[in-house]
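A quick write-up on the structure given underneath.
There are 2 protein chains.
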Amino acid sequence: MNISDLVGQAREGQPRAVAKLISLVEDAHPSLREVAAALTPHTGRARVIGLTGPPGVGKSSSTSMLLSALRKEGKRVGVLAIDPSSPFSGGALLGDRIRMTEHATDPGVFIRSMATRGHLGGLAWATPQAVRVLDAAGFDVVLIETVGVGQSEVDVVRLADTTVVLLAPGMGDGVQAAKAGILEIADVFVVNKADREGAETVVRNLKQMMAMAHEEKPIVRTVATRGQGAEDLVRALGEHRDRLEACGELSRRRRRRAASEVEAIALRRLRATDFHTGRLDELAGQVVDRRLDPYAAADALLAALRSGQ
Amino acid sequence: MNISDLVGQAREGQPRAVAKLISLVEDAHPSLREVAAALTPHTGRARVIGLTGPPGVGKSSSTSMLLSALRKEGKRVGVLAIDPSSPFSGGALLGDRIRMTEHATDPGVFIRSMATRGHLGGLAWATPQAVRVLDAAGFDVVLIETVGVGQSEVDVVRLADTTVVLLAPGMGDGVQAAKAGILEIADVFVVNKADREGAETVVRNLKQMMAMAHEEKPIVRTVATRGQGAEDLVRALGEHRDRLEACGELSRRRRRRAASEVEAIALRRLRATDFHTGRLDELAGQVVDRRLDPYAAADALLAALRSGQ
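As given, the protein sequences belong to chains A and B, one line each in that order.
Heads up, the first sequence is in UniProt numbering, so the first residue is 1 and it goes up one at a time.
Heads up, the second sequence is in UniProt numbering, so the first residue is 1 and it goes up one at a time.
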């Protein structure tokens with residue numbers, strides 16, 4: 001397989017080449033370095049938008065609605081559906097994938113779900129590199145969608161230029177209990193199912209919460225299943241993007257994304273080689289035997305790393 | 001504050017001293033090293049049992065049931081309730097904590113919930129050290145409970161001697177979709193709400209799944225809210241523990257736990273100092289500007305680390 005051919009085909013819009021490149025990244029294929037080197041010159045253009053929200057909020061139909069709206073503007077859109085991959089929620093995103101097949105025959109759309117169960121640091125490792133593939137392949141927008149469980153939505157924030165938090169009426173008290181966390185994450189709020197009872201309560205609660213925190217973030221009302229609110233959402237995203245650019249925050253966020261990516265690559269290499277061919281297992285044995293405390297063992301591990309032993 | 005006094009008080013069973021030590025660990029207090037050194041000689045005795053399962057399975061009442069059963073045997077029990085801390089599930093474990101107050105006045109029980117939202121590597125960092133505190137304080141059993149979302153149950157497996165996976169009838173298809181993941185994680189299965197319709201179907205499915213994978217793991221039926229099945233569960237846990245010891249697997253698992261702990265401490269130190277006072281941000285800038293690909297940047301980061309720059 002010739003990497004530069006593959007990159008060329010991906011840039012010509014061949015979905016099979018894009019898929020192949022993402023697979024190389026996910027599997028940590030030996031050609032990774034070559035792939036990254038070939039992609040890098042073509043990157044830096046795509047807008048990266050994160051979508052997150054609790055299960056049941058209508059994330060799938062919202063993504064689909066946003067996809068359609070962006071396609072109407074002629075944008076090519078890549079979607080990374082991050083599967084947090086609990087063995088207990090294994091099927092959660094399957095429905096999404098199936099429903100999104102309405103876009104499957106559109107050459108301007110590429111949808112990929114990324115599952116990383118059990119892979120320590122797997123999401124942090126693979127997602128930024130998959131974004132890089134889509135960026136280099138000429139997608140104007142990359143949507144990263146994840147259900148809001150555990151660490152995953154925090155990871156999305158680290159990767160996105162703009163993060164959309166979806167809410168809906170009738171989602172229970174969990175959302176209330178964690179106001180601060182939501183405010184921190186969101187650049188744009190979407191209150192989906194806005195035709196249902198309770199939607200205005202959700203909006204009002206959000207506004208109160210923001211007032212208390214002296215924050216102001218846009219709230220867009222949508223009924224995703226009917227496409228209502230799509231233009232408002234696209235406008236809110238565009239305005240956020242403009243603000244980011246105007247105040248220099250866009251380049252800070254992209255630098256943060258690159259730093260995450262570089263750090264994940266470096267940590268993976270440390271884990272795969274130095275820490276293990278190194279002294280980790282031996283040191284762990286000494287901790288179990290109570291001959292070393294774990295801090296002293298960590299010191300010894302780092303010292304071995306620095307001296308190249 | 002005198003650390004050796006604090007450790008002494010914790011070992012005498014003073015819950016306030018135990019709580020204080022865990023807080024020092026969670027906050028990465030400067031005295032951490034001293035704490036770890038003071039704890040280490042007293043560790044290595046506690047059994048560590050992980051409990052995980054999907055939301056709604058009756059995890060809280062199961063933990064409570066197991067606590068009572070172990071207390072009847074005179075065991076001192078520490079519980080770490082790991083909160084995966086999504087902003088969307090912020091309140092999920094609150095109910096558990098409140099319900100567990102039935103054990104709150106029992107001096108042989110210590111319950112702590114650990115929340116680590118947004119803290120990269122937070123769980124991997126703090127949990128093994130909290131286990132160490134409880135172990136040194138003389139708890140015979142440490143229960144680590146977590147809802148099964150994302151990475152958290154994998155982390156629990158890395159820490160526990162024995163992992164219990166809870167299931168119940170009527171939990172939907174998600175569980176079916178991820179058979180392999182569950183089998184990999186569990187040492188003991190509990191089918192809770194065993195008096196409800198569908199419980200035998202859950203048991204049958206588990207058995208089929210195990211037969212297909214040529215695995216055999218114990219399945220215990222419980223009705224946790226009525227304490228039914230508690231003795232069976234304690235027996236299954238004891239038998240698993242005996243098997244672990246007989247085949248040398250117990251010491252392997254403890255070595256793995258120590259390795260996780262040492263690695264987390266070392267990574268945290270790298271992140272806090274070398275990577276950041278080091279060249280990470282500068283390298284990220286070069287990646288954003290397309291002057292470096294991320295692999296070359298990771299190389300440069302590791303080279304700087306090794307040469308102590």
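Yeah, the Cβ is synthetic: ideal placement off N, Cα and C, and Gly gets one too.
Around Val234/A, the same chain offers Leu66, Ala69, Leu70 and Glu73 as residues with beta carbons nearer than 8 Å, after the five sequence neighbours per side are excluded. In its chain, beyond the 5 residues on either side, Ser61 have a beta carbon closer than 6 Å to the beta carbon of Thr225/B.
Taking the CA atoms as reference points, Glu282/B sits about 41 Å from Gly229/A.
Taking 7 Å as the cut-off, the Cβ atoms of Val48/B and Asp187/B do not count as close. Residues of the segment 229-245 of chain A that bring their beta carbon within less than 9 Å of a beta carbon in chain B are absent altogether. In the DSSP assignment, no residue is bridged to Thr201/A. Contact between the segment 295-302 of chain B and the segment 255-267 of chain B is absent: fewer than three C-beta pairs spanning the two stretches fall below 8 Å.
Under the three-state reduction of DSSP output, Val77/B falls in the strand class.
Listed along chain A, the residues sitting closer than 9 Å to Ala284/B by beta-carbon distance are Arg254, Arg255, Arg256, Arg257, Ala258, Ala259, Ser260, Glu261, Val262 and Glu263. The straight-line gap separating the alpha-carbon atoms of Leu134/A and Ala303/A is approximately 39 Å.
Here DSSP, grouped into helix, strand and coil, assigns Met114/A to strand.
Relative to the Cα of Leu80/A, the nearest Cα in the group Gly58/A, Thr105/A, Thr52/A and Val57/A belongs to Thr52/A.
Cβ proximity to chain A below 8 Å picks out Leu32 from the segment 13-32 of chain B. In the DSSP assignment, Gly53/B falls within the beta strand (DSSP E) that extends over Arg47 to Gly53. Chain A places a beta carbon closer than 7 Å to that of Arg290/B, counting this residue as a contact. Identification of chain B residues near Val131/A by a Cβ-Cβ cut-off of 7 Å yields none; the smallest Cβ-Cβ distance measures about 11 Å. In chain order, Val288 make up the part of chain B whose C-beta sits under 8 Å from the C-beta of Ser251/A.
Under DSSP, Phe139/A forms no beta bridge with any residue.
Of Thr163/A, Pro30/A, Val77/A and Leu270/A, the smallest CA-CA separation from Arg112/A is found for Val77/A.
DSSP places Thr162/A inside the beta strand (DSSP E), whose first and last residues are Thr162 to Leu167. Any Cβ of chain A closer than 7 Å to the Cβ of Leu51/B would place that residue at the interface, and such an atom is absent.
Under the DSSP definition of a beta bridge, Arg16/A lacks any partner. Under DSSP, Val57/B takes part in no beta bridge, so it has no partner. DSSP places Val191/B in the uninterrupted beta strand (DSSP E) bounded by Val188 to Val191. At a cut-off of 7 Å between beta carbons, Leu301/A contacts chain B. For Val220/B, the enclosing beta strand (DSSP E) starts and ends at Ile219 to Arg221. The beta carbon of Arg243/A sits closer than 8 Å to the beta carbons of Glu249 from its chain, once the five residues preceding and following it are set aside; these are given in chain order. DSSP lists Leu51/A and Ala81/A as the bridge partner or partners of Glu145/A. At a cut-off of 7 Å between C-beta atoms, Pro169/B does not count as an interface residue with respect to chain A. Under the three-pair Cβ rule at 8 Å, the segment 184-201 of chain A does not count as touching the segment 26-33 of chain A. The C-alpha of Ala300/A is placed about 16 Å away from the C-alpha of Thr273/B. Taking Gln129/A as the centre and dropping the five residues before and after it, the same chain places the C-beta of Val25 closer than 6 Å to its C-beta, in chain order. Listed along chain B are Val262, each with a C-beta nearer than 7 Å to that of Ala297/A.
Cβ-Cβ distances below 8 Å link His240/B to Thr162, Asp187, Val188 and Pro218 in the same chain, with the five nearest sequence neighbours on each side left out; the list follows chain order. By the neighbour-count criterion, in which a residue is buried when 16 or more other Cβ atoms sit within 10 angstroms of its Cβ, Met114/A is buried. Apart from the 5 residues on each side of it in sequence, Asp5/A has no Cβ closer than 6 Å to any other Cβ in its chain.
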